[in-house]
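The working numbering applies: residue 1011 is where the sequence shown begins, and numbers increase by one. For every residue, glycine included, the Cβ atom is placed at its ideal position computed from N, Cα and C. Bear in mind that the values here come from a model prediction, so they are computed numbers and not experimental data.
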Amino acid sequence: MNSFKKVKWRVFKLKFEHDEVRIDKKIGGKALNKRIETEFASKGAKDTQSTDYRLLRPIFKNITLSPDDKFVDVGCGQGRVLSYLITEENFKGKLVGIELSSKIADFTKKRFKNTPQVEIINGDAVKSIPSDGTIFYLFNPFTGEVLRAFLDGIENIIKHPATIIYTVPVHHSEFDNRRNFSLIQTFSVKREYMDYDAIVNIYEYRP
Ligand SMILES: C[S@@+](CC[C@H](N)C(=O)[O-])C[C@H]1O[C@@H](n2cnc3c(N)ncnc32)[C@H](O)[C@@H]1O
């Protein structure tokens, strides 16, 4: 990168982080833009990293939300997606975040302590699937093996139609040959100054 490009990139990054942080701070008053290395790699967990706002906007343009929905963030990390839905999408339904790491879950519980619409569960999402969940959000939270167990869990527990949003769907092949899941939308989002576009897959679940 030449020095002009470097300066342009720095300015972009500062403005971008400032804008993200401003939205993050609307609930709980904290910035959520730092990546935190997982302590649970042996359990198939990926690092804690908040979904980029550049993805959240196009994702939720493609999803119809109703106050009767229960939205579940599977591996909610620090809760950016949950607070985005409340502050930017005016979502009125119930929100559940499931987080494996107790350190991260405690942080996230504190953020939402004055937001009764949100419930944070500290545990393994594979074992804590809410039976009344209607929209499940996954930002590449775990390995393919764990995703397989999670999808088996959905098939055992969820008895109504549901939507699964899989952002950065690294292990998408786990959905193949499952007759209850159909890929209804896939799109990519270009992110300025990033080497690759982000893919988002949306699946319909019909038991
Ligand atoms: C990439 S972060 C996504 C955070 C959040 N969903 C977002 O989009 O801003 C993935 C999170 O999933 C959590 N995780 C990994 N395996 C899990 C499991 N089996 N059950 C619950 N959470 C898990 C990780 O600890 C991490 O915080």
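For residue i versus residue j, is the C-beta spacing smaller than 8 Å?
i     : j     : result
V1082 : Y1176 : no
I1130 : G1163 : no
K1119 : K1080 : no
N1211 : H1182 : yes
S1093 : K1025 : no
F1085 : P1151 : For clarity, residue 1085 is Gly in the given sequence; the question names Phe instead. Yes, the Cβ-Cβ distance between G1085 and P1151 is below 8 Å.
T1061 : V1091 : yes
I1046 : I1114 : yes
In whole angstroms, what separates the C-alpha of residue i from that of residue j?
i     : j     : result
I1194 : K1018 : 38 Å
F1014 : F1070 : 35 Å
T1144 : P1171 : 7 Å
R1216 : N1072 : 19 Å
R1064 : V1199 : 8 Å
R1068 : M1204 : Strictly speaking, residue 1068 in this sequence is Pro, with Arg absent from that position. Roughly 17 Å between the two C-alpha positions.
V1128 : D1078 : 14 Å
N1166 : N1190 : 11 Å
D1057 : K1044 : 11 Å
E1184 : L1157 : 7 Å
H1028 : R1020 : 12 Å
Heavy atom of ligand 1 less than 7 Å from the Cβ of residue i, yes or no?
i     : result
G1087 : yes
D1134 : yes
P1151 : yes
D1279 : The chain is shown only over 1011 to 1217; residue 1279 falls outside these bounds and no answer can be derived.
E1030 : no
S1093 : no
T1048 : yes
L1110 : yes
K1056 : yes
T1173 : no
V1156 : yes
S1060 : yes
I1114 : yes
R1090 : yes
D1083 : yes
Which whole-angstrom value is the C-beta distance of residue i and residue j, which I expect to be below 8 Å?
i     : j     : result
F1101 : L1095 : 4 Å
E1099 : L1075 : 7 Å
E1214 : T1153 : Contact doesn't hold; Cβ gap of about 24 Å is too wide.
G1038 : F1122 : 7 Å
K1178 : A1159 : Sequence inspection shows Val at residue 1178; the Lys mentioned does not correspond to that position. About 19 Å separates the two Cβ atoms, so there is no contact after all.
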